[in-house]
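One structure below.
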Amino acid sequence: MKRMAIFASGTGSNFQAIVDAVQKGSLQATIALLICDKPEAPVVEKAKRANIPVFTFKPKEFASKAVFESLICKQLQDAKVDFIVLAGYMRLIGPTLLQAYPNKIINLHPSLLPAFPGKEAIKQAFQAGVKITGITIHYVDEGMDTGPIIAQEAVAIHDDDTLFDVERKIHQVEHIFYPQTLQKLCLTEYEEEFT
Ligand code: GRF
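When you read off a place in the sequence shown, starting at 1, and then add 134, the result is the number in our numbering.
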């Protein structure tokens, strides 16, 4: 079974959706480790409840991104991680991790990329007045939300939707679609992508 590390910084609702899918057996993979750059984030508690090992760190305590990413690499190697799943990890992945895990880092972004990259993507789409937004699952490269797209799912914005409504709809779709897509990747793309 493939071993993943999940990187997250915040609430961890997508982390939880992935844990639930693994526990149900609809995602056949092992969550080897949670990597979190905010030791106080709610996602840490969720991992502990699920008995998933956690590595937390404070970026400010390191001289550079290269230094803390080297430490992360060591954790990933010790945990025999095959691929990395970003779920609300609020940092750009640097060259150290990209070189160590080429084509093996996957991100979830709450818009239909290439529209609305970066922070507050749901709000950006809402304020732009688009009628269709959605989510994108993509491989990570050195850019901000720019790597090759794996899958997308649309979400309609109705005239009477508030920003809160759109956020809720986006998260619902994320929680279903991210574990499903990871399962497809584990089954079908393993031989090509994860070698
Ligand atoms: C999600 O909307 C995801 O698309 C984005 O960050 C958010 C994380 O939410 N990258 P959560 O921590 O999983 O609840």
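Just so you know, even glycine gets a beta-carbon here, dropped at the ideal spot from N, CA and C.
Just so you know, these numbers come straight off a predicted model, no measurement behind them.
- [ ] Please confirm whether any heavy atom of the ligand GRF lies closer than 8 Å to the CB of Pro-244.
- [x] yes
Need the endpoints of the beta strand (DSSP E) that Ala-290 sits in, please.
283 to 290
Exercise. If His-309 sits next to Ala-181, beta carbons under 8 Å apart, how far is it from one beta carbon to the other, in whole angstroms?
Worked result: 17 Å between Cβ atoms; not a contact.
So what does DSSP say about Ala-166, is it helix, strand or coil? Three-state result, Ala-166: strand.
- Message: DSSP has Gly-268 in a bridge; who is on the other side?
- Response: Ala-288
Practice item. At 4 residues or longer, and completely inside the stretch 186 to 242: list those alpha helix (DSSP H) runs for me, N to C. Key: 199 to 212, 229 to 234
Buried or exposed (CB count within 10 angstroms, at least 16 for buried), Asn-185:
By the neighbour-count rule (16 or more Cβ atoms within 10 Å), Asn-185 is not buried but exposed.
Check: From this set, Lys-192, Asp-154, Val-201, Gln-211, which residue's C-alpha is nearest Arg-137's C-alpha?
Finding: Gln-211
> For Leu-247, which residues from the same chain have a beta carbon less than 6 Å from its beta carbon, with the 5 sequence-adjacent residues on both sides left out?
Replying inline: Cβ within range, chain order: Thr-270, Asp-279.
Under 8 Å from any heavy atom of the ligand GRF, does the C-beta of Phe-149 make it?
-> yes
### Query
Quick one, which of Lys-214, Ala-139, Gln-162, Phe-196 has its alpha-carbon nearest Thr-315's?
Gln-162
Point to revise | Start and end residues, beta strand (DSSP E) containing Phe-250 | key: Segment: none, Phe-250 is in no beta strand (DSSP E) and carries neither H nor E.
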